[in-house]
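Worksheet: one structure, shown below.
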Amino acid sequence: MSDLKSTGQQTADAPTPEDALHEAASLDAREAAHAPGGKAAGPVLAADGTPLKRSLARALRRQKMRALALIAPLLIFVLLTFIAPIADMLFRSVENQIVSETLPETVVALKDWDSEGGVPPADPVFAALYVDLFIAEAQKLHTRLGTRLNYEKTGVSSLFRKTGRRVGRFDTDTYTDQITALDPSWEDPATWVAMMESDANRAALPFTARSWDRWTAYQLSEGDDPAKEDIEDVLFTTLYLDLRETGGTGAADARIAQIAAAVGDFDTVSLSEQFADADKDWLDPEVWGTIKAFAPNYTPGYFLNSVDMQKTPHGIEARPENQQIYMKLFKRTIFMSMVITLSCIMLGYPVAWILANLPTRTANLLMILVLLPFWTSLLVRTSAWKVMLQQQGVINDTLVWLGIVGDADRLVMINNQFGTIVAMTHILLPFMILPLYSVMQTIQPTYLRAAKSLGATNWTAFWRVYFPQSVPGIGAGSVLVCILSIGYYITPEIVGGTTGTFISNRIAYHISSSLNWGLAAALGSILLAAVMLLYWVYDKIVGIDNVKLG
Amino acid sequence: MAALTPIFRTPVTFYVPVVAAAGAFAGLFIGTAQGSGLLGIVAGAALLAVLALAATRLLDNERAVRWGIVVLFTIGGFLIGSTPGLILGLAFGWFFGWFIYWTYEGRYRAKLPPYLTPGQVLWHFTFRVICGAILVFLITPILVVMPLSFNAEDFFTFTPEMLRLDPEGYSLKHYKDFFTNDDWQQALRNSVMIAPVATLLSVSFGTLAAIGLSSEHVPFRRAIMAILISPMIVPLIISAAGMYFFYSRIGLQGTYFGVVLAHAALGIPFVIITVTATLVGFDRSLTRAAANMGADPVTTFFRVQMPLILPGVISGGLFAFITSFDEVVVVLFVGSAGQKTLPWQMFTGLREQISPTILAVATILVAISICLLTVVEMLRRRSERLRGMSPG
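Protein sequences appear in the order of chains U and G.
Numbering that gives the first Met the number 0 numbers the first residue of the first sequence as 0 and each following residue consecutively.
Numbering that gives the first Met the number 0 numbers the first residue of the second sequence as 0 and each following residue consecutively.
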């Protein structure tokens, strides 16, 4: 065996199936070499008669499977409870089904309308909107859609709400009256149910059939029987429109032909006028442009919003000056993370140095002072800073007592950037000290002495000899602090006021207060991308496997 | 090396000005507090210069002189500011007694290499003072919270009674409030219900996975590791947002189970990291030996592997526990009012109706952290001893 060990490639200190596999391979090669010309002795066999190579390969595979089987439960758990939510958030940041789901007819009808033309769309589009809005109003979905579109164009929300109240009282009963006057049986919903069961009728009345299906689906979901509910004006309107369009040719129902013949002489109602009557904004091409621009199922709109741009009917534009807040917030988040990282380096470097250079006993004792805040609840530390920094707080009281500041002009140290920076530097300082300390422990103090004995000044010895060796620690600590600070929420929320808040506070605001979840998801995705970039850098510098705690 | 540095008595022109400067610095504070900073500087400098001269030139019994200075300062402090003044005087007296002889005898050089220039010596001590200041910065906020939690008033600052060390200024009423107030008790109950279950989940899954990850042949090891560690790296607000959206889709938002799952996910990286670190030193031939002697994998795991990695598993569990116990962002979004935990209650308290009960809770939490920190440290040493490494 010892003879073989030297021939095979080794993967670990202890023998493993993989080593044995390599050994078997080299054994095979040697056997082949030892039997020149003559017959090869055949492959080495394991105890059960299978070739050793195959049996070892099987053992290796089994080992891999066992490792995976051990990991699998946790992996599935994390994928379900953590990765899936993140993926869902990414999906939500582009998801935009609400427009095409609530206004399916309108979205199709708007396809041919030119949003640059400066005129509102023609009557068929209004007819489509009439059907969509009527059903949406019944389902109480039109306000949600209004809210969604209001993020893109202000005023749409109230437009939808106002029109929703009016849409059931449009003058379209003209059609109902005229059709039922011709044949009163149209009033009976059961005849509609029967009519809509025939494919020929459906082909003759496509718009009516589609609207009928949506309407009855809604009625069924409410627990109503379509065969018993009154037929709404909207269905008579679509019937009229269909018959004027197709003439009802091919319909199996004789009643349809009867109406089709009379349709030419009907009194008509202009739906665009009805809408304009409800709210004159419906004649504004911008409103229609917005609906058209957000008709697709997926939209970059939220992402554009989160970088202070917007998708308008005329393409992508910058938001008005007074609505640009996100770029400012991103810049502030990055700036403050930088400041916090820098101050952590400034404060952490000396402490790490002294910890690494003191005798072990003393260093361990001082280490407790570093680890205690690290282990203390985040909220305890944040509340401590609130107590320290507020105007009637400990620091101000001490300063007043010492007579350094007057009682009337106490320093404002909280609810601004200063408060956030101080509190977060304190909270994140251990994350800088610990990696720095572990790197500095490995730097030989003799190098520094050698440099000095060769004539270097204190500064040169530090800057040219010690500092370059400590750079990996600075890198690891900085990336860690930066990752943590860029997504901080609690501390800025409590001590940040309005000027010291981060992008994460805005995300929380959109989730819980403004309910613009898409925008929250888009902002979160951008933040996540930034953190992933830093994570990748951290992986390059330190390696995820080398993360240590305490 | 250090012991070889010879020490000499320093000349009068060195130690008297140094001691006087220190006295002036201390006098500045006492003087400002009493009304005149300038007078404090002059009086402090003069007093200390005279004391230093007297101690070194007139008397030569160091012990007696230092005790004398302590008594002198204590009486002086008591006259100026009664009880707190007495304590401050005691501290100042001890410090200056020590400082005079430290500079006079040249003891400050004793532990330094003999070749250092005066400038380097000065820098050495300045640097230590800077480090001390930073460590004070690290620890002060926590230390300030503790006495304030015994405040008899509803203030977030020291009252004059507290500064006078008057027993009237202190009370346990905020602790009493914490233990009797229904909101806080409900929050405590919720925390105690959520954290252990979440810990149990993450420890059981995490330990198994760590054992799997530490075997030699794991396909996609790096990718798996990246996924398992990600809950620690992804900002909490993003995890919270994602979980809020996703859990409300599947009906887990606002349920106890949802919060437990979320917290378990957040605790997993800590378990993975600590347990894999313990397994690095695990001798695999032990499991092979056990298998050789006829133990099945389950027996091997519980009788051989588990006892050896138990310290790592427990400290991983403690990390996971404290993660869940301290977590506020995720529970804020994933939970509903019925899952209000202790940190959540503190967060609302800090944002809205601010009450010093928070400080009492904070003190209790610090005490818990100290206990956990001690346990983790002991476990780490034990595990290193078990693996034959020297504790360090």
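Cβ atoms here follow ideal geometry from the backbone N, Cα and C, with glycine treated the same way.
All of these numbers come straight from a predicted model, not from anything done at the bench.
| Item | Value |
| --- | --- |
| Residue-chain proximity (U/Pro319, chain G), Cβ-Cβ < 8 Å | no |
| Proximal residues to G/Tyr189 (C-beta, below 7 Å), its chain only, five neighbours per side dropped | The question names Tyr, but residue 189 of chain G is Asn in the sequence shown. Gln338, Lys339 and Thr340. |
| Contact with chain U by G/Gly80, beta-carbon distance below 8 Å | no |
| Enclosing beta strand (DSSP E) for U/Gln309 [first to last residue] | Met308 to Thr311 |
| Neighbourhood of G/Phe28 by C-beta distance below 8 Å, restricted to the same chain and skipping five residues each side | Gly39 |
| Short Cβ contact (8 Å threshold) for U/Leu270 with U/Tyr174 | no |
| Other residues of its chain near U/Glu228: CB distance less than 8 Å, five sequence neighbours each side excluded | Pro188 and Gln218 |
| Helix, strand or coil at U/Ile315 [DSSP, three-state] | strand |
| Contacts around U/Gly36, its chain only, beta-carbon distance under 6 Å, and the 5 residues preceding and following it disregarded | Annotation note: pLDDT 49 at U/Gly36 (below 50); position unreliable, no value reported. |
| Reduced DSSP secondary structure (H/G/I, E/B, other) of G/Asn60 | coil |
| Straight-line Cα distance separating U/Leu282 from U/Phe265 | 26 Å |
| Backbone secondary structure at G/Ala289 - three-state DSSP | helix |
| Under 9 Å from the C-beta of U/Gly517: neighbouring residues of chain G | Correct list: empty, because the minimum Cβ distance to chain G is about 10 Å. |
| Stretch-stretch touch, CB-based, cutoff 8 Å, three pairs: the stretch 9-23 of chain G with the stretch 116-123 of chain G | no |
| Below-8 Å beta-carbon distance, U/Lys385 vs any chain G residue | yes |
| Segment contact flag, the stretch 485-502 of chain U with the stretch 329-339 of chain U, C-beta cutoff 8 Å, min 3 pairs | yes |
| Closer than 8 Å to chain U by CB, G/Pro342 | yes |
| Per-residue DSSP class, three states only, for U/Leu78 | helix |
| Residue-level contact to chain U via CB, G/Pro83, 8 Å cutoff | no |
| At least three beta-carbon pairs within less than 8 Å, the stretch 528-539 of chain U to the stretch 261-271 of chain G | no |
| Same chain only: Cβ atoms within 6 Å of U/Tyr325, ignoring 5 sequence neighbours per side | Ser305 and Asp307 |
| At least 3 beta-carbon pairs within less than 8 Å: the stretch 93-111 of chain U vs the stretch 289-306 of chain U | yes |
| Euclidean distance between Cα positions of G/Ile216 and G/Arg283 | Rather than Ile, the amino acid found at residue 216 of chain G in this sequence is His. Whole-angstrom Cα-Cα distance: 13 Å. |
| Beta bridge counterpart(s) of G/Tyr169 as assigned by DSSP | G/Asn150 |
| Anticipated Cβ contact below 8 Å, G/Ile138 with U/Leu346, distance rounded | That pair is no contact at about 13 Å. |
| Closer than 8 Å to chain U by CB, G/Tyr169 | no |
| U/Thr397 vs U/Ile493 beta-carbon contact at 8 Å | no |
| Close Cβ partners of U/Gln322 (< 8 Å) along its chain, the five nearest in sequence each way excluded | Asp307 |
| U/Tyr297 in three-state terms, based on DSSP | strand |
| U/Ala450 and U/Val438 closer than 8 Å at C-beta | no |
| Own chain residues within Cβ distance below 6 Å of U/Val362, not counting five before or after | Note that residue 362 of chain U corresponds to Ala in the displayed sequence, not to Val. Leu354, listed in sequence order. |
| Assigned secondary structure, G/Leu251 (DSSP; H/G/I helix, E/B strand, else coil) | coil |
| Under the three-state DSSP convention, the category U/Gly36 falls into | At U/Gly36, the pLDDT of 49 sits below 50, so the modelled position is not reliable and the matter cannot be decided from this model. |
| Interface partners of G/Ser354 on chain U, CB under 9 Å | In chain order: nothing, as chain U lies at least about 11 Å away. |
| Nearest-angstrom Cβ-Cβ length linking G/Ala151 and G/Lys172, presumed shorter than 8 Å | 7 Å |
| CB contact flag (G/Val69, G/Gly43, <8 Å) | no |
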